[in-house]
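Report on the structure given below.
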Amino acid sequence: MLEIKDLKTNFNTYDGVVKALNGVNLTIKDGEIFGLVGETGSGKSVTCYSALKLLPKTGEVVGGNILLNGEDITHASEDRLRQIRGGEIGIIFQDPLSALNPVMTVNEQIGEILLLHQDAEINKLASEKGIPVYKSEKWKASPGVEFTIMAFCISFISLFIMLGQFTFSLPFLFVIGMMFLRDYLQRDIPASALDLMVIDALSRVKLPNPKQIARSYPHELSGGMQQRVMIAMALAGKAKMLIADEPTTALDVTIQAQILQLIKDIQKEENMAVLLITHDLGVVAETCEKVAVMYKGKIVEEASVDQIFTNPRHEYTRALLSAIPKSEKHLPNLSTNKKSARTTKSESSIDDFLKVKKEIIDE
Amino acid sequence: MNKESVNNQIIISIKNLCKHFPVKNVWGTDVALVKALDGVDLEIESGKTFGIVGESGCGKTTLMRTLLRLVEPTSGSVVLSEEITKNQFLSNSLEELTSEELRSFRRQIGVVFQDPMGALNPRMLIKDIVSEPLVIHGKTKEIREKVISLLNNVGLGEEHMYRYPHEFSGGQRQRIVIARALALDPKILVLDEPTSALDVSVQAQILNLLNDLQKKYELTYIFISHDLSVIEYMCDRLAVMYLGKVVEEADTEELFSNPQHPYTKALLSATPNFEKHKEKIMILGDVPSPITYLDQTKAELATEITEQERLEIKTIEGKGIDYIVRSSLNEVLPLKEVGTSHYARVK
Chain P
32 MLEIKDLKTN FNTYDGVVKA LNGVNLTIKD GEIFGLVGET GSGKSVTCYS
82 ALKLLPKTGE VVGGNILLNG EDITHASEDR LRQIRGGEIG IIFQDPLSAL
132 NPVMTVNEQI GEILLLHQDA EINKLASEKG IPVYKSEKWK ASPGVEFTIM
182 AFCISFISLF IMLGQFTFSL PFLFVIGMMF LRDYLQRDIP ASALDLMVID
232 ALSRVKLPNP KQIARSYPHE LSGGMQQRVM IAMALAGKAK MLIADEPTTA
282 LDVTIQAQIL QLIKDIQKEE NMAVLLITHD LGVVAETCEK VAVMYKGKIV
332 EEASVDQIFT NPRHEYTRAL LSAIPKSEKH LPNLSTNKKS ARTTKSESSI
382 DDFLKVKKEI IDE
Chain X
30 MNKESVNNQI IISIKNLCKH FPVKNVWGTD VALVKALDGV DLEIESGKTF
80 GIVGESGCGK TTLMRTLLRL VEPTSGSVVL SEEITKNQFL SNSLEELTSE
130 ELRSFRRQIG VVFQDPMGAL NPRMLIKDIV SEPLVIHGKT KEIREKVISL
180 LNNVGLGEEH MYRYPHEFSG GQRQRIVIAR ALALDPKILV LDEPTSALDV
230 SVQAQILNLL NDLQKKYELT YIFISHDLSV IEYMCDRLAV MYLGKVVEEA
280 DTEELFSNPQ HPYTKALLSA TPNFEKHKEK IMILGDVPSP ITYLDQTKAE
330 LATEITEQER LEIKTIEGKG IDYIVRSSLN EVLPLKEVGT SHYARVK
């Protein structure tokens, strides 16, 4: 499905070049859940952003190839990338509230993706059922704008009446009259094909009462519901692959269990490929089939889940596993050995004291 | 009562503590109450680590704030032992302390907050941050030596004194916060999710440091967390909170091996770990709102919605997983002794 070959990504900063990825090799097959584990700064997120070309301006891919179903997308055009993002690869971000647009309703946000990637489907549904394609109500702004216009008109009308110049208020009366006339004429227009598809997308992620949720804004939903909306958005374009970048870090344990179960269920139903990026080894053990451990912009170990937990090969993996608190054992005081990735400047002196401690051999 | 608690070495006991935040409408009349704490009884032993677990919004942090009297409780009391009062205070009840006594009380409780970057002033040098409590409490003698020894205690050195917080990594920042909390030789350290912002390997370092400090200074820890593996590693005794109430309280081993309350069972099963073939219990639905409406009709309406949700939830099929419906947890039962010093709200 997705193949990453010897990927190298650099970030240009004022302090020098940060080599975030030093040759990453990954192969994700159809219908498998692949886990990518590592600490903060190991390059997990940069890997997936590089694959989708979502890097900030300072970052650039300097080497390697990215193959999607055999097609090289390393130097793909912006138009092609727009098709891929959402259409072929869906993505879920860590913090749902900052990833969702706060001034758009859920309906509008999911509708946007459907219009981009599922145009043919919507038209088909519309012609089958004989309903409008999208935007069933014409000449209508968002509720906030509608309210403001109404308030303006009423205040001007009352102002002119108080001043004794009734004739000046006539244009404003006309505007209010037209607004009511518009609502009256469009009183029983059926739901559009787009609305139906949005509700369908929301019910796929098992949200109770999808009609009501489609009308609401992101801040009105709880964290778990927001993350479900994000998943619905990622799936709306009928993507064959899902990248989940720490999907449960911002959530409670009980809600985390729900979301992970949902991802597993959907993966099974649609036979999708899932790339799950996380720092929690427990999450990997519960959901994934294959794991890759990342450290300092490289993949240090790649194996099946059972193998990595029973028989870890690389020293770093072993250290990572032993750092998980358990009641019976004493935690090893391992140093993270987080040397700065900058090359032009010598290592920052912040971590001087860490250097004294045990070094983990980097091959 | 006081004598007894000294015998059991109980340093703080909380009795029927309630904190209700009023919800007001436009005209300023109370329409509802947020029951953040609703009758919490806890006894915290000296020199041990007491853990508090629960979801976000269950009242863990409010409990901590009420313990420090940063918010005034609605009802209930906090009784301090002689170890803290040292016969200097007029009363051993926290809410009767005068402002002067409260200062001396707060000297004996250190706090470590969740987000170290938010807890450190970005414009102050580390030496100023760590010495600030000493200056405030008038211990200005040999400040430099004290700061150096505090920094050495947490694994930092003299060379870090003249730096700003942003120059440190997350784990080092948390060490600075711990050093500051220890500046006044407290008896109790309240740790509000001290490792939730850190990586596993850094988390391990901080937990080890906390354990060493506890042995060295015979500290009592009140450890608030939602990470059960950390709790299992750190705590001697544990209370599980749900919607402002303690639903289960037991020694850590007992609670992990023999959970009684359905919520505790679900929480234990929800924690991801490596044992693949264990029984799965999952809670359906989101964290319920802790708001109780004073108006009867509105209160009924609120419960009606949960009924409707329950119907929707029932349509979901279980796939080898036991499901718990949220509204089944809303029923309030009295605390019952189910084992040796193991209490749970079960039938």
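Protein chains in written order, with the working numbering: chain P, 32 to 394; chain X, 30 to 376. Note that CB positions come from ideal geometry on N, CA and C, so glycine has one too. It should be emphasised that the depicted structure is a prediction, and the values quoted were computed from it without experimental measurement.
Taking its Cβ as the centre, do 16 or more other Cβ atoms sit within 10 Å of P:T89, making it buried, or is it exposed?
exposed
Please state whether the Cβ-Cβ distance between X:E72 and X:S120 is less than 8 Å.
no
Buried or exposed: which applies to P:G117, given that a residue is buried once 16 or more other Cβ atoms fall within 10 Å of its Cβ?
Flag for P:G117 reads buried.
For the 8 Å Cβ check, are there 3 or more pairs between the region 55-63 of chain X and the region 230-250 of chain X?
no
Answer yes if the region 220-235 of chain P comes into contact with the region 259-278 of chain P, meaning at least three C-beta pairs across the two stretches below 8 Å, and no otherwise.
yes
Between P:A354 and chain X, is the shortest Cβ-Cβ distance under 8 Å, so that the two count as touching?
Yes, P:A354 counts as interfacial toward chain X.
Output the distance between the C-alpha atoms of P:A267 and X:E360, rounded to the nearest integer angstrom.
39 Å
For the candidate residues P:T348, P:A334, P:K271, P:L282, whose alpha-carbon lies nearest to that of P:Q114?
P:K271
Can you look up P:D37 in the DSSP assignment and give me helix, strand or coil?
strand
X:P223 (DSSP reduced to helix, strand or coil):
coil
Using only the alpha-carbon positions, how far apart do P:S371 and P:V77 sit?
For P:S371, the predicted model reports a pLDDT of 35, less than 50, meaning its position is unreliable; a value from the coordinates is still stated below. When rounded, the distance between both Cα atoms is 16 Å.
Going by DSSP in three states, P:N240 sits in which element: helix, strand or coil?
Look at P:N240 here: in three-state DSSP terms it is coil, with no helix or strand label.
Return helix, strand or coil for X:H49, following the three-state DSSP convention.
strand
Classification of P:V283 by the beta-carbon crowding that lies within 10 angstroms, buried from 16 upward:
In the sequence as displayed, the identity of residue 283 of chain P is Asp instead of Val. By the neighbour-count rule (16 or more Cβ atoms within 10 Å), P:D283 is buried.
Since X:H189 is in the beta strand (DSSP E), which residue starts that stretch and which ends it?
Element bounds for X:H189: n/a, residue is neither H nor E.
Does P:S253 have its Cβ less than 8 Å from a Cβ in chain X?
So, interface residue.
Can you tell me whether P:M181 is buried or exposed? The criterion is at least 16 other CB atoms within 10 Å of its CB, across all chains shown.
exposed
Please list, in chain order, all residues of the same chain as X:V231 whose beta carbon is under 7 Å from its beta carbon, the five residues on each side excluded.
G199, G200
Along chain X, in chain order, which residues have C-beta atoms closer than 9 Å to that of P:G313?
Per Cβ cutoff of 9 Å: S258, T300, P301, N302, F303.
Cα-Cα separation, X:V259 to X:E124
32 Å
To which residues of the same chain is X:P145 closer than 6 Å at the C-beta, ignoring the five residues directly before and after it?
Only R202, Q203, V206 meet the Cβ criterion.
Buried or exposed: where does P:K155 fall if 16 or more other Cβ atoms within 10 Å of its Cβ makes it buried?
exposed
List the residues of chain X whose Cβ lies closer than 7 Å to the Cβ of P:T285, in chain order.
E84, A295, L296, A299, I312
For X:K244 and P:V315, I'd like the C-alpha separation in whole angstroms.
Near 35 Å, if we compare the C-alpha coordinates of P:V315 and X:K244.
Quick check: what's the CA-CA separation for X:I113 versus X:F134?
7 Å
For chain X, is any of its Cβ atoms less than 8 Å away from the one on P:H250?
no
Through-space distance from X:I353 to P:D230, alpha-carbon basis
Looking at the sequence itself, residue 230 of chain P is Ile, so the reference to Asp does not match. Using only the alpha carbons, I get a separation of about 26 Å.
Identify every residue that forms a DSSP beta bridge with X:L149.
Its beta-bridge partners do not exist; DSSP assigns none.
Given a threshold of 16 other Cβ atoms within 10 Å of its Cβ, counted over all protein chains shown, does P:Q258 qualify as buried or as exposed?
When all chains shown are included, P:Q258 counts as buried.
Throw me the rounded Cβ distance for the P:E119 and P:L99 pair, which I believe falls under 8 Å.
7 Å
Where does X:Y372 land, buried or exposed, given buried means 16+ other C-beta within 10 angstroms?
buried
Distance between P:G208 and P:T179 (C-alpha atoms, nearest Å)
15 Å
Are there three or more Cβ pairs, one per stretch, closer than 8 Å when the region 132-145 of chain P is compared with the region 239-256 of chain P?
yes
Per DSSP, which residues does X:I138 bridge with? Please list them.
X:I217
At a Cβ cut of 8 Å, what residues of the region 230-255 of chain X count as close to chain P, listed as they run along the chain?
S230, V231, Q232, A233, Q234, L236, N237, H255
Local Cβ density within 10 Å of P:Y215, reported as buried at 16 or more and exposed below that
exposed
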